[in-house]
Structures are given as structure tokens and as C-alpha cells.
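Under our numbering, the first residue of the sequence shown is numbered 1, with each subsequent residue one higher.
C-beta atoms are modelled at their ideal positions from N, C-alpha and C, and glycine is treated no differently.
Since the model is a prediction, treat every value here as computed from it, not as a measurement.
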Amino acid sequence: MRSQTMHELAICYGLLDELQAVANDRSARRVYSVVLSIGPLAGVEPAALQQAFTVAAAGTVAEGAELIIDEKRVRLRCDHCGAESEAPHIGHLTCGSCGSWRTSVLEGAELQLTRVELEKTPDDRAADTVQEPRDTPQTH
Ligand SMILES: [Zn+2]
């Protein structure tokens, strides 16, 4: 097994601890689906994470749960001109406005559990929002 996969497995075990805690907290019997926001700078390979999750979730409250990965973009603020822009590539963190290399990363390194769908009773399929993504207005 590649060491990269071990890295994703370790992340999944941490995630499963969190899911178990959320399920306990809401008296849920199982987890249907999980949404994770991952920035390109988080150092996580989404495909490897999917595989690792399937392996790690076996026998847990999240066995068979769907893992939905919301891949974020890298956003930068230029230290030179102050413009905010989206990085064209994670190896190319230059200002989209003036091309300066002196930029700060605003977003793109996150690895965040944003939503969990839980089963509480056999007929109650309820969605519990753990944390709304910042740019999504809450409608309820
Ligand atoms: Zn700039």
C-alpha cells in the first residue's frame, strides 16, 4: 500500500470518529452520506480518499455511506496590489491581477466536514447540517 493511501486512511479514521460523535449526539443509527470540503492545498487525493473511506467505514456507523467530495479552489490575496483572485494552479500562486508572487492564501487548504445525512429511525431520513459552507446562504 502506498504511503499516500495510508495518509488518506488516517484522515478517514479521524473523520469516522467525528461521524460517530455526530451520530451519537443526534441518536442516529447510521450515516447515509457525508459531504467533505477539500481544498487543493490540503494535500489529499480525492480518489484515494474515496477508496480509503470505503475501507475505513466498514463495520462503523458510516458503513456504506456515500462520501461526496466538494473540491474547493485556491483563493489568493495579493500582498502587492491587494487584489483577490483564484489561483490558476496550485503550483502557481501568483496574483491574477498583477502577477506578483507575493500572495497570501485565503482559501484552499481546508479539509472540512460540511454536511452529514443521518438515519434516526427506520422512516426518518433527516439531514443534519454540521457546518454550512461560508458562501452558501442558509435558506431554512
Ligand atoms: Zn497583485
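* Of the listed residues ALA62, GLN50, VAL61, GLY59, nearest to ASP148 (C-alpha basis) -> In this structure the chain extends from 1 to 140, so residue 148 is not present and cannot be described.
* So is the beta-carbon of ALA83 under 7 Å away from any non-hydrogen atom of ligand 1? -> For this step, residue 83 is matched to residue 83 along the sequence shown. Annotation for ALA83 indicates a beta carbon within 7 Å of some heavy atom of ligand 1.
* To do: State the start and end residues of the unbroken alpha helix (DSSP H) segment that holds VAL55.
  => By 1-based counting over the sequence shown, the position of residue 55 is 55. In this chain, the alpha helix (DSSP H) harbouring VAL55 covers 46-57.
* **Enclosing beta strand (DSSP E) for THR103 [first to last residue]** => Here residue 103 refers to the residue found at position 103 when the sequence shown is read from its first residue. 103-107 is the span of the beta strand (DSSP E), which, as asked, contains THR103.
* Just to confirm, does SER104 get its C-beta within under 7 Å of one of the non-hydrogen atoms of ligand 1? -> Counting from 1 along the sequence shown, the entry for residue 104 is found at position 104. It does not: the Cβ of SER104 is nowhere closer than 7 Å to a heavy atom of ligand 1.
* Asked: Do VAL74 and PRO40 have their C-beta atoms closer together than 8 Å?
  -> Taking the sequence shown and counting its residues from 1, one reaches residue 74 at position 74. Taking the sequence shown and counting its residues from 1, one reaches residue 40 at position 40. Taking 8 Å as the Cβ cut-off, VAL74 and PRO40 qualify as a contacting pair.
* Sequence ranges, beta strand (DSSP E) only - wholly within the stretch 10-90, length at least 3 -> Given a length threshold of 3 residues, each whole run of the beta strand (DSSP E) inside the stretch 10-90 is given here in chain order: 30-38, 66-71, 75-78, 84-86.
* Asked: When every heavy atom of ligand 1 is checked, does at least one fall within less than 7 Å of the C-beta of HIS80?
  -> The residue given as residue 80 occupies position 80 in the sequence shown. It does: the Cβ of HIS80 is within 7 Å (strictly closer) of some heavy atom of ligand 1.
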